[in-house]
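Before any comments, here is the structure.
Number of protein chains: 2
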Amino acid sequence: MTKLRIDLIAENLITIHPLLYKSISRPLRNCTSITPAGMFVLGNLKRHGILSMSDIGKYLSMPKPHITVIVNKLIEEGYVERQNDPKDRRIIHIHITEKGLSDFENIKQAISENMKSKLVMLNDEELEQLSTASQRVKDILISILSKE
Amino acid sequence: MTKLRIDLIAENLITIHPLLYKSISRPLRNCTSITPAGMFVLGNLKRHGILSMSDIGKYLSMPKPHITVIVNKLIEEGYVERQNDPKDRRIIHIHITEKGLSDFENIKQAISENMKSKLVMLNDEELEQLSTASQRVKDILISILSKE
DNA sequence: TATAATAGTTATATTTTTGTAACCGTTATA
DNA sequence: TATAACGGTTACAAAAATATAACTATTATA
Chain A
1 MTKLRIDLIA ENLITIHPLL YKSISRPLRN CTSITPAGMF VLGNLKRHGI LSMSDIGKYL
61 SMPKPHITVI VNKLIEEGYV ERQNDPKDRR IIHIHITEKG LSDFENIKQA ISENMKSKLV
121 MLNDEELEQL STASQRVKDI LISILSKE
Chain B
1 MTKLRIDLIA ENLITIHPLL YKSISRPLRN CTSITPAGMF VLGNLKRHGI LSMSDIGKYL
61 SMPKPHITVI VNKLIEEGYV ERQNDPKDRR IIHIHITEKG LSDFENIKQA ISENMKSKLV
121 MLNDEELEQL STASQRVKDI LISILSKE
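Those protein sequence lines, which keep their order, are chains A and B. Counting from 1, one number per residue, gives the positions in the first sequence under my numbering. Counting from 1, one number per residue, gives the positions in the second sequence under my numbering.
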């Protein structure tokens, strides 16, 4: 019973994934130079605040050398900054800049606009349902697979 | 009011997207040689049946040359096959093979197993909620942004 | 029938993503 | 204090995704 439910959840998420990829990651290229991976980093910085390089690697499940590349590019463009930890000088804290925050919001807004053209097909009840259901999926997914 | 609701939906989906990427696309590499894009193609073939190259391009929002590359690789590995259209010989229909279907199911099962280790943290009520909510998100997203 | 439009492929180049090994500096520990 | 462990970077290689132009074959249309 529980197994069936878990399979259904996996099935649903596997179906949702390419639809989001198509309507979020893909349109990104047309409105910003930030790569999808860069957006993921900014999103985590916004949600969690300052993060070390290793933390970012855990949140994204990516090896550290890749994180260095992504963060370097974000720094080049002024979206994040490095901060040394005075207590443990091995650790480097990454924090999002004002520009990073505002550009991130603008890009989300652009994606939202893009999505609006599809969402207008829905009536008020469906909109309400999608709003509630996506909120629930988001909250639960964050709670179980956010870190590591 | 409606605008606020649409913004909330976009915000939720943008947050969900990297979580799915991390728990679906990334673990794929460890259990199969099929690329994420290949999985997207197989998923659409399973849902919609036989599709032309152009149809696949629309469902994935990818340019046709890229589709050729993806499909060629799927053919090499025996997951899909080409079929000529006798009525319009420009059109090539792609259909999924038995092997494609069964491997696709196995991979979904593997992802489901992988996810199970996270989902066990949820109690029955949360599991029920996630199941219902993800179903609703899936159905509505398919209805509005499946094609083109 | 000449021309335009469609479906798909080939070729090419660039960017992004992925992965691994080796390395440096710092901190912890035996 | 010598050694191991940790946090991060550099360097390198390879696969995947992206984009565009040019091309073939076929069908539609004027």
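A virtual CB, placed ideally from N, CA and C, is assigned to each residue, including glycine. Model, not experiment: these values are computed from the prediction.
Buried or exposed by the 16-neighbour rule on C-beta atoms within 10 Å, applied to residue i
| i | result |
| --- | --- |
| A:G49 | exposed |
| B:M115 | buried |
| A:P63 | exposed |
| B:G100 | buried |
| A:H17 | buried |
| A:N106 | exposed |
| B:M1 | exposed |
| A:C78 | Just to set this straight, residue 78 of chain A is Gly in the shown sequence, not Cys. Looking at its Cβ environment, which holds fewer than 16 other Cβ atoms inside 10 Å, A:G78 is exposed. |
| A:N84 | exposed |
Pair within 8 Å by beta-carbon distance, residue i and residue j
| i | j | result |
| --- | --- | --- |
| A:R90 | B:L127 | no |
| B:I67 | B:R82 | no |
| B:L60 | A:K22 | yes |
| B:S143 | A:I9 | no |
| B:V41 | B:L74 | yes |
| B:A133 | A:R29 | no |
| B:V80 | B:T97 | yes |
| B:I94 | B:L145 | no |
| B:F104 | B:K58 | no |
CB-CB length for residue i against residue j, believed under 8 Å
| i | j | result |
| --- | --- | --- |
| B:N44 | B:I34 | 14 Å between Cβ atoms; not a contact. |
| B:I24 | A:I14 | 6 Å |
Closer than 7 Å: residue i CB and nearest the ligand COA heavy atom
| i | result |
| --- | --- |
| A:N123 | Because no ligand of any kind appears in the structure shown, any question about the ligand COA cannot be addressed here. |
Three-pair Cβ contact test at 8 Å for the region 105 to 113 of chain B versus the region 113 to 125 of chain A: no
Any alpha helix (DSSP H) of 4 or more consecutive residues that is wholly inside the region 62 to 134 of chain A: 64 to 76 and 98 to 119
Tell me the start and end of each unbroken alpha helix (DSSP H) in the region 11 to 65 of chain A that is at least 4 residues and wholly inside, in chain order. Secondary structure remark: continuous alpha helix (DSSP H) runs of at least 4 residues inside the region 11 to 65 of chain A, in chain order: 26 to 31, 36 to 48 and 53 to 60.
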